[in-house]
Each structure stands twice: as structure tokens, then as C-alpha cells.
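Engineer: Counting from 1 along the sequence shown, just add 1136 to a position and that's the residue number in the working numbering.
Every residue gets a Cβ at the ideal spot worked out from N, C-alpha and C, and that includes glycine.
What you are looking at is a predicted structure, and each value in this text was computed from that prediction instead of being measured.
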Amino acid sequence: PALCPQVLPALGPGAFIGEGELRKVVRPHGARRRRVGQDRRHDFDLDLRPHRRRHHEGHGRRRRGIGGHTRGGGGGGSSARTFGVLSSEVEALRVQTLNGTFGALVEGVHAPLTPAALRCGALGAELRAIWVRFGVLVIRGLQSMTPEDLAAISGHFGILSQDVGAGREHCTLPGVPILRIGNVRDQSGRMISQPAAARGNLLPASGSCQYRPEERLPVWHTDGTFMAVPPAGSALFCRRAPPEGAETCFADMAAAWESLAPEEQASLEELECVCSLAHHDAKISLRVPDYPRLTPEERTANPPRRVPVALDHPSTGRRALYGANSSTCRVLRRGEAVPAEDMDRYDLEGIEHESVSILRALLPRVTSRELTVVWQWQEGDLVIWDNRSTLHCATGYDQDRYVREMWRTTIMPD
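Structure follows, in C-alpha cells:
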């Protein structure tokens, strides 16, 4: 009880808090499909039981030992995987992958997950491990989420950024560093949310989120490459959702890197991206007039940054394609200078250098069906993604008919 009392009511019959080492076991339940996104889904149960006990009380189910992968034979070709040794008991979790090994929908085995339960540090550590492994973490049914809940839950994945971005203070929720995104206005008609950059960009009838070069859509990107320290992740909570449209799509950039030919990888490893917040806002405002732009003072305080095209994940060591962002105004060899007059044109006019076509040429391949997930939002959904190994994009909806309200936090590396 001293460890995490808010989780205890969710534990099912026969669950207990034991002493000594505790283990987490992953048990496959076979593939299962739902009408949510593009997916190839597989279910796993994450369960924690004391190291000494070989059977769960009342069930007689055999528990696997710690370490490595074991594969079962016959029947469904199942496998059991261990995720390490823990020092505490938390709610058993069911993990359903969304597309092969990319993306994970997480549910409680014994009871639905709640915002109060998700604030628990022990449960947060488990969710963080799933997030790092699968790149995108999804939890549904959190309609009671408060801004304070979202801030606390985001802290499990890194350091909660206090910076919502220059020129966006009017879109911030009171008292917490949470950015409101959508088309919400106050009683006077003033926009109090950051407009989505995807206005008019509806998902095609085919359901494909693959990049379309002739339209330069969807706007695939990773968040915050223009920041002095780019964020590790982002959390997005759905407060209000339109009944159609407004999907968010995710792409696996670690698998994308591994799909490239060795000679392509070698050429990209020498490159870096110049990323500017002023360029980002100027570029998007050409399509979305309500989008905020930086003042001259804000532009001075937010100079351009450089990030690599190939990034090694600090936790997994996997290399991923990186640097694709609306703030990317030029791609060049490491250390190459950019003339000041060129930066003025990028920042003030929203024009990008032709070298950005190096990244754009890759996008159709790395956003193919095999590497992506399309998420159709419901109110109460929480999605947390790893910016170091994924890209994402928004899609449009009828903003004249529907209101959309999303809350976003930015998660910094710890």
C-alpha cells in the first residue's frame, strides 16, 4: 500500500503483493484485428508475480523464467517473452501491437486503466519500457483526465517541458505547460488553440497516409527539431474529437532506416538538417492563415538549430531517420555554413532550400503501409510517441462543422 495505493483497487481477484523478486511475463493471445488504423495486431499480457511462485493462485497457469525469448510449439505458434525483473507489484497489462512490432495499445487486464492509476510511478516505469520498445503507446477510455493528470503521466517518460513554444502562450491551459491544439475559440471568438497544420488535408478514401510528393502532403514530421534540446517524446490527449477525419498517423523510422540500402545509409550519415522555428511558422502560415508567427524578438531568441539525419536512439541503440520537420529549411554536410541572407529568406518568406528534397524523396518509401499506423481518435484517448524513432502527421476534418480539442505535452530527455 505504501508503494502505490491508487493502483490497488484495480487489481483483480487473487492478485497480491508479495515479497522478493517480481517478474513480468508476456503471453501472446494471437492476432486480432479491429477497425482502428492500419494494423497487424498481436496481443500480449504483461503480468507481475513473485519469483518464488510457479503458479498464480487459483489459475494454475505456468510462469516462464526470466531471460530471453522462448517460443511455444503446436497450436497457435505462441511465444512467451520476459521483460525483466521488477521490485514492485503493479496492474497486469495487456499489450496489443498495432502493426507488427510498431505501436502498442495498452489495457488493464483486470480493470480499465484510469488517470489516477496511470499517475503511479511503478506503472509509469512499465509504460515507459513499452513506449521505448514500440515507439507509440496508446491508452483509451481516459475521459476523466485532468490537465494535472496529463502533466503527471507525461513525467513518467522524461522531463515535462515548461516551454509550449514562442507565440503560443494564448493556447496554453491555465497553470500547466499543456498546449491546446484544434479549433477552439473563447466566447469572444478569439482562437485559444493552435490550429492544426493539416487543414484541408483529408485522409484519402483509400485510407493511405503515404506521402504524396505532388501535393507535399501529409506533413510528416517529428516534433521540436528546432529546439536547443529536441524533445524525447510528445503526449497527445483527445478532449473532443470530430466524428470523422482528424486521424493522426505514425511511421516507424527505425525500421525505415533498416530498409535503406547500405549506400543510401552511408550518404545520409554525413548530413544534418538546419531547423528554424521562424521558418516553421512562416511556412505553415502560408497554408493556415491563423497559425502564429514569431515576432522579430522571438525570432532572435529562437535561432536555427542543427540535427542529424541519422539518429541513434539513446535507450535502444537503433538508428533511425530523423530531422524531417516543417522547420527544416536546408540539408547539408555537417559543419557547412549557411549565409545569413539565405536564413532571412527561409525564416521570413517560408521558402525552403532545394536540398530538403533529399528528405522529401525518402518520404513515400518510409511512410508506406508496412511502416505506418493510422489512429482514429475517440474522446479519452491518450497517445505518447517517441520523437527519436518515429514520424507523425495530422489529417484534416471539417472545421466548420466540428470542434476538435487536443491537449499536448512535450517530454524532454532525462
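Excluding the five sequence neighbours on either side, which residues of its own chain have a C-beta within less than 8 Å of the C-beta of residue 1452, listed in chain order?
Structural biologist: 1268, 1269, 1390 and 1525
Engineer: Which of helix, strand or coil does DSSP assign to residue 1314?
Structural biologist: Coil at residue 1314, not helix or strand.
Engineer: Nearest by alpha-carbon distance to residue 1311: which of 1299, 1321, 1386 and 1322 is it?
Structural biologist: 1299
Engineer: Rounding to the nearest angstrom, what Cα-Cα distance links residue 1446 and residue 1272 in this structure?
Structural biologist: 19 Å
Engineer: Around the C-beta of residue 1354, are 16 or more other C-beta atoms found within 10 angstroms, so that it is buried, or is it exposed?
Structural biologist: buried
Engineer: Is there contact here, the segment 1492 to 1503 with the segment 1341 to 1351, by at least three beta-carbon pairs under 8 Å?
Structural biologist: yes
Engineer: Can you grab the Cα-Cα spacing for the pair residue 1471 / residue 1411, in whole Å?
Structural biologist: 14 Å
Engineer: Under 8 Å by Cβ, that's how I've got residue 1462 and residue 1357 pegged, so tell me the actual separation to the nearest angstrom.
Structural biologist: 6 Å
Engineer: I need the boundaries of the alpha helix (DSSP H) containing residue 1263, first residue and last residue.
Structural biologist: 1257 to 1270
Engineer: Let me check understanding here. Comparing Cα to Cα, which of 1264, 1419 and 1364 lies closest to residue 1485?
Structural biologist: 1419
Engineer: Starting from the C-beta of residue 1320, find all residues in its chain whose C-beta is less than 6 Å away, skip the five residues before and the five after it, and write them out in chain order.
Structural biologist: Excluding residues up to 5 positions away in sequence, 1328, 1329 and 1541 lie with their Cβ nearer than 6 Å to the Cβ of residue 1320 in the same chain.
Engineer: What whole-angstrom Cβ distance do residue 1413 and residue 1438 have, given they're in contact under 8 Å?
Structural biologist: 5 Å
Engineer: Using alpha carbons as the reference points, say which of 1374, 1338 and 1428 lies closest to residue 1277.
Structural biologist: 1374
Engineer: Look at the alpha carbon of residue 1489 and the alpha carbon of residue 1407, and state the distance between them as a whole number of angstroms.
Structural biologist: A direct Cα-Cα distance of roughly 14 Å separates residue 1489 from residue 1407.
Engineer: According to DSSP, residue 1243 sits in a beta bridge with which residue or residues?
Structural biologist: 1230
Engineer: Going by C-alpha to C-alpha distance, which of 1543, 1233 and 1529 sits closest to residue 1384?
Structural biologist: 1529
Engineer: At what residues does the beta strand (DSSP E) containing residue 1521 begin and finish?
Structural biologist: 1518 to 1522
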